[in-house]
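Down below is the structure, laid out as structure tokens.
There are 2 protein chains.
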Amino acid sequence: MLPRIAIIGNGQLGRMLKQAGAPMGIEVLPCDPSLDEPVELKPDDVITVEQELWPDTPRSRQLTAHPGFLNARATQLIRDRLSEKSLLDHLKVGTAPWCNVTPDHTTEHLALVGDKLVIKRRQGGYDGRGQWRWKQGEPALDEWLGECIAEKMIPFDEEVSLVGARGHDGKCVFYPLTLNLHQQGILHASVGGLKRLQPLQAQAEEWLTRIMVELDYVGVMAMECFVVDGTLLVNELAPRVHNSGHWTQAGANPSQFQLHLRAVTDLPLFTPAVDGLSVMWNLLGRDWSTDWLAVPGCDVHWYEKDIRPGRKVGHVNLHRGAVADLQASITQLAALLPEDDRSPLHWALHEIQADSSA
Amino acid sequence: MLPRIAIIGNGQLGRMLKQAGAPMGIEVLPCDPSLDEPVELKPDDVITVEQELWPDTPRSRQLTAHPGFLNARATQLIRDRLSEKSLLDHLKVGTAPWCNVTPDHTTEHLALVGDKLVIKRRQGGYDGRGQWRWKQGEPALDEWLGECIAEKMIPFDEEVSLVGARGHDGKCVFYPLTLNLHQQGILHASVGGLKRLQPLQAQAEEWLTRIMVELDYVGVMAMECFVVDGTLLVNELAPRVHNSGHWTQAGANPSQFQLHLRAVTDLPLFTPAVDGLSVMWNLLGRDWSTDWLAVPGCDVHWYEKDIRPGRKVGHVNLHRGAVADLQASITQLAALLPEDDRSPLHWALHEIQADSSA
Ligand SMILES: Nc1ncnc2c1ncn2[C@@H]1O[C@H](COP(=O)(O)OP(=O)(O)OP(=O)(O)O)[C@@H](O)[C@H]1O
Ligand SMILES: Nc1ncnc2c1ncn2[C@@H]1O[C@H](COP(=O)(O)OP(=O)(O)OP(=O)(O)O)[C@@H](O)[C@H]1O
Ligand SMILES: [Mg+2]
Ligand SMILES: [Mg+2]
Ligand SMILES: [Mg+2]
Ligand SMILES: [Mg+2]
Numbered sequence: 001m002l003p004r005i006a007i008i009g010n011g012q013l014g015r016m017l018k019q020a021g022a023p024m025g026i027e028v029l030p031c032d033p034s035l036d037e038p039v040e041l042k043p044d045d046v047i048t049v050e051q052e053l054w055p056d057t058p059r060s061r062q063l064t065a066h067p068g069f070l071n072a073r074a075t076q077l078i079r080d081r082l083s084e085k086s087l088l089d090h091l092k093v094g095t096a097p098w099c100n101v102t103p104d105h106t107t108e109h110l111a112l113v114g115d116k117l118v119i120k121r122r123q124g125g126y127d128g129r130g131q132w133r134w135k136q137g138e139p140a141l142d143e144w145l146g147e148c149i150a151e152k153m154i155p156f157d158e159e160v161s162l163v164g165a166r167g168h169d170g171k172c173v174f175y176p177l178t179l180n181l182h183q184q185g186i187l188h189a190s191v192g193g194l195k196r197l198q199p200l201q202a203q204a205e206e207w208l209t210r211i212m213v214e215l216d217y218v219g220v221m222a223m224e225c226f227v228v229d230g231t232l233l234v235n236e237l238a239p240r241v242h243n244s245g246h247w248t249q250a251g252a253n254p255s256q257f258q259l260h261l262r263a264v265t266d267l268p269l270f271t272p273a274v275d276g277l278s279v280m281w282n283l284l285g286r287d288w289s290t291d292w293l294a295v296p297g298c299d300v301h302w303y304e305k306d307i308r309p310g311r312k313v314g315h316v317n318l319h320r321g322a323v324a325d326l327q328a329s330i331t332q333l334a335a336l337l338p339e340d341d342r343s344p345l346h347w348a349l350h351e352i353q354a355d356s357s358a
Numbered sequence: 001m002l003p004r005i006a007i008i009g010n011g012q013l014g015r016m017l018k019q020a021g022a023p024m025g026i027e028v029l030p031c032d033p034s035l036d037e038p039v040e041l042k043p044d045d046v047i048t049v050e051q052e053l054w055p056d057t058p059r060s061r062q063l064t065a066h067p068g069f070l071n072a073r074a075t076q077l078i079r080d081r082l083s084e085k086s087l088l089d090h091l092k093v094g095t096a097p098w099c100n101v102t103p104d105h106t107t108e109h110l111a112l113v114g115d116k117l118v119i120k121r122r123q124g125g126y127d128g129r130g131q132w133r134w135k136q137g138e139p140a141l142d143e144w145l146g147e148c149i150a151e152k153m154i155p156f157d158e159e160v161s162l163v164g165a166r167g168h169d170g171k172c173v174f175y176p177l178t179l180n181l182h183q184q185g186i187l188h189a190s191v192g193g194l195k196r197l198q199p200l201q202a203q204a205e206e207w208l209t210r211i212m213v214e215l216d217y218v219g220v221m222a223m224e225c226f227v228v229d230g231t232l233l234v235n236e237l238a239p240r241v242h243n244s245g246h247w248t249q250a251g252a253n254p255s256q257f258q259l260h261l262r263a264v265t266d267l268p269l270f271t272p273a274v275d276g277l278s279v280m281w282n283l284l285g286r287d288w289s290t291d292w293l294a295v296p297g298c299d300v301h302w303y304e305k306d307i308r309p310g311r312k313v314g315h316v317n318l319h320r321g322a323v324a325d326l327q328a329s330i331t332q333l334a335a336l337l338p339e340d341d342r343s344p345l346h347w348a349l350h351e352i353q354a355d356s357s358a
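Chains A and B, in that order, are what the protein sequence lines are.
UniProt numbering puts the first residue of the first sequence at 1, with every later residue one more than the last.
UniProt numbering puts the first residue of the second sequence at 1, with every later residue one more than the last.
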């Protein structure tokens with residue numbers, strides 16, 4: 001009997017972890033940590049997270065006090081950008097120059113980091129929320145003081161991420177780097193399996209290994225990076241499965257969801273097999289259409305959440321064995337969309353064309 | 001909103017239909033028809049089956065009386081081998097010579113069909129249960145009279161099956177023929193995607209189309225066949241997803257489970273994309289081992305049923321993009337098994353080797 005896996009959080013990541021466990025009969029129990037009622041836990045349950053931060057409730061205290069709760073230190077360090085960035089510096093992992101915005105910070109202090117900055121709330125931000133742009137000459141907002149870090153604005157060429165896992169025995173495995181399209185701080189699309197990112201793979205794996213080893217981490221972790229002149233800078237970490245790894249549901253075996261379940265329950269880990277190229281397109285505040293199912297290789301993941309502007313309510317994976325077929329499917333899907341929604345798919349199409357003709 | 005799909009039956013097929021619907025947010029509700037309590041049905045629910053026969057209960061009457069119940073005629077005809085074989089004859093679909101074993105049947109009547117026969121209970125048999133072998137000179141059992149059909153024993157070369165689907169608009173789509181290994185009347189393993197079966201594909205599709213059209217059938221149907229001297233004879237039909245289509249979970253998109261959900265809810269149908277070769281190995285009355293998860297491309301499906309001798313309690317799909325990799329994975333898995341359990345995998349390995357070197 002495999003242990004049950006309780007998840008702190010019950011959003012789409014918990015949902016997809018549950019779906020990944022179902023075929024094998026691995027029970028996954030997403031738990032909303034904002035509720036007070038305790039959940040019924042068994043002594044050998046494994047507890048892992050789909051979010052870094054949660055309210056302090058009887059239930060969240062119960063979950064984190066359970067002996068099966070994994071990665072307490074990693075989650076605590078990563079949930080606060082101050083300790084997260086300090087960790088990266090300590091491990092000599094490249095990252096954007098930054099400073100802590102202390103309660104007595106002035107614009108002179110900010111200017112020491114750079115001319116243009118991104119101010120980020122230390123805790124709780126996601127999808128670009130809790131961020132401001134600042135440039136030389138502008139005032140600092142009071143609400144930043146003691147609450148934010150300031151990062152140098154990086155004129156990056158593109159953004160990539162590495163999703164990997166570490167097992168109880170310390171073994172680390174990785175997917176190939178994913179290319180990500182962010183707009184207004186939110187992930188719109190990813191392409192997995194691009195050959196042209198291979199030269200960056202070793203550096204990325206070396207850094208994420210260093211991080212996971214330092215934290216004695218077990219499970220899937222994601223590392224978001226900027227690419228600047230062909231080198232990497234780490235933007236942030238996620239101690240969990242990650243939106244930029246969703247393409248692995250279609251184009252890799254095991255997927256990041258099954259990989260996480262394997263890692264936390266001490267099941268065998270190996271470098272996942274990746275079948276060519278895959279595209280993930282996020283459904284942001286919009287419904288899906290069953291017409292899309294006429295596109296070969298198009299898998300719709302719908303999270304059954306209320307649709308609110310900009311909210312991640314689903315994603316579409318596009319995967320086909322042959323590159324030409326994948327291109328045809330992307331083109332076919334784009335033609336079914338209103339013109340305004342096509343740009344992430346056209347971006348992916350362009351990337352795939354460039355990669356396969358290189 | 002897509003309609004909900006209620007399933008008559010709550011075994012592994014209903015379970016896997018439910019798993020197939022989950023990512024898209026299609027609700028699938030397997031229902032045990034042997035229970036009395038009615039289920040809460042909505043007016044626009046679609047009702048389909050994972051078994052052909054069920055007890056007459058308040059619940060089963062409720063499900064079949066619902067206006068969304070599909071394929072009443074097909075299910076009724078196919079659940080009785082007498083009407084099933086009559087249908088095949090009527091449609092001029094090749095099948096083993098047979099006769100109805102009437103209440104006043106004698107061994108002379110049996111002998112008219114052939115020297116060696118398989119006697120099959122008309123209703124309720126599966127996995128080879130409810131079958132007898134008879135040969136010239138042996139007595140007929142009383143319990144056959146009025147209860148069975150008699151089929152000529154076919155000295156077949158091998159067994160294959162065709163899994164396909166028909167939509168509400170009449171469109172039919174098919175997977176490539178699957179090669180099946182039956183022993184003692186029970187499916188042990190399948191290989192999907194063999195090139196050498198392609199010459200039989202057109203005949204098989206023609207027959208299954210004829211059958212589905214005649215029955216005005218909607219959903220996935222499977223057709224089991226004998227191959228004799230390079231031609232097909234139909235053994236039996238299944239008006240549902242089928243064990244010999246389980247490999248499509250790993251090697252085709254959509255899988256037979258998603259394909260069935262698409263067909264019954266009037267979602268787009270197209271010929272599923274098949275990626276090379278796949279192997280399915282049935283777990284018959286035996287547990288699985290987490291060691292198997294060290295084999296790349298090995299997906300374990302565990303039905304969470306009690307283990308009883310010979311009972312189908314799970315299956316393992318093996319799929320990898322490259323034939324050589326697949327062979328390596330089969331070999332690796334076989335080495336993890338007790339010697340007595342290896343023969344279905346060795347059979348599959350042999351088939352794959354022969355097919356790829358042809
Ligand atoms: N220092 C920076 N320089 C330039 N762009 C940046 C910088 N930091 C963030 N960005 C841009 O903003 C996006 C969101 O930033 P970040 O990942 O820190 O925010 P988040 O709200 O935590 O996002 P997520 O939803 O990925 O958790 C980045 O993907 C990048 O496009
Ligand atoms: N007429 C026949 N001649 C030779 N072998 C036969 C014949 N009929 C059945 N068999 C063998 O027995 C197996 C089981 O037969 P059949 O498919 O009719 O039984 P079943 O109990 O309905 O099986 P299933 O579990 O597939 O529904 C066949 O796959 C085949 O191997
Ligand atoms: Mg973040
Ligand atoms: Mg980010
Ligand atoms: Mg049968
Ligand atoms: Mg059969």
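Beta carbons: idealized from backbone N, C-alpha and C, even for Gly.
- Identification of residues in the stretch 286-299 of chain B having a C-beta nearer than 8 Å to some C-beta of chain A yields 290, 291, 293, 294, 296, 297, 299, given in sequence order.
- Taking the Cα of residue 341 of chain A as reference, the smallest distance to any Cα among A/310, A/83, A/328, A/132 is reached at A/310.
- Counting only Cβ-Cβ distances below 9 Å, residue 19 of chain B has contacts in chain A at 19, 22, 23, in chain order.
- Under DSSP, residue 133 of chain B shares a beta bridge with B/118.
- Residue 173 of chain B places its beta carbon 8 Å or farther from that of residue 71 of chain B.
- Only 267, 268, 270, 273, 275 from the stretch 265-277 of chain A bring a Cβ to less than 7 Å from some Cβ of chain B.
- Every beta strand (DSSP E) of 3 residues or more that sits fully in the stretch 211-287 of chain B is shown, in chain order, as 219-228, 231-238, 278-284.
- Looking from the CA of residue 259 of chain A, the closest CA among A/166, A/129, A/30, A/80 belongs to A/166.
- The beta carbon of residue 206 of chain B does not come within 8 Å of any beta carbon belonging to chain A, so the residue lies off that interface.
- Straight-line spacing of the CA atoms in residue 124 of chain B and residue 63 of chain A works out to 48 Å.
- Within chain B, the residues placing a beta-carbon under 9 Å from that of residue 304 of chain A are 25, ordered along the chain.
- DSSP places residue 104 of chain A in the coil class of the three-state scheme, outside both helix and strand.
- Ranked by Cα distance from residue 2 of chain B, the first of B/40, B/230, B/179, B/46 is B/46.
- 253, 262: these are the residues of the stretch 245-266 of chain A whose beta carbon lies less than 7 Å from some beta carbon of chain B, given in chain order.
- Counting C-beta atoms within 10 angstroms of its own C-beta, residue 7 of chain B has 16 or more neighbours from the protein chains shown and is therefore classed as buried.
- By the CB criterion at 8 Å, residue 355 of chain B and residue 321 of chain B fall outside the cutoff.
- Straight-line spacing of the CA atoms in residue 245 of chain B and residue 283 of chain A works out to 31 Å.
- Here DSSP, grouped into helix, strand and coil, assigns residue 80 of chain A to strand.
- The stretch 125-135 of chain B makes no contact with the stretch 85-95 of chain B: fewer than 3 CB pairs, one atom from each, lie closer than 8 Å.
- Interface annotation for the stretch 310-328 of chain B against chain A: 314, 319, 320, 321, 325, criterion Cβ-Cβ distance under 9 Å.
- For residue 126 of chain B, the Cβ falls inside the 7 Å cut-off from some heavy atom of ligand 5.
- Within the chosen limit of 7 Å, ligand 1 does not reach the beta carbon of residue 282 of chain A with any heavy atom.
- In the structure shown, residue 22 of chain A falls within a helical segment according to DSSP collapsed to helix, strand and coil.
- Among the CB atoms of chain B, one or more fall inside 8 Å of the CB of residue 301 of chain A.
- In the three-state scheme derived from DSSP, where H, G and I count as helix and E and B as strand, residue 62 of chain B is classed as helix.
- For the pair residue 147 of chain A and residue 214 of chain A, the Cα-to-Cα distance works out to about 26 Å.
- Of the candidates B/296, B/306, B/307, B/96, B/296 places its Cα closest to the Cα of residue 324 of chain B.
- In the DSSP secondary-structure assignment, residue 161 of chain A is bridged to A/178, A/224.
- Look at residue 113 of chain A here: in three-state DSSP terms it is helix.
- Straight-line measurement puts the Cα of residue 190 of chain A at about 6 Å from the Cα of residue 178 of chain A.
- With a beta-carbon spacing of about 13 Å, residue 79 of chain B and residue 120 of chain B fall beyond the 8 Å limit used to define contacts.
- DSSP places residue 150 of chain A inside the beta strand (DSSP E), whose first and last residues are 148-152.
- The Cβ atoms of residue 9 of chain B and residue 50 of chain B lie closer than 8 Å to each other.
- When rounded, the separation of the alpha-carbon atoms in residue 211 of chain B and residue 289 of chain B is 41 Å.
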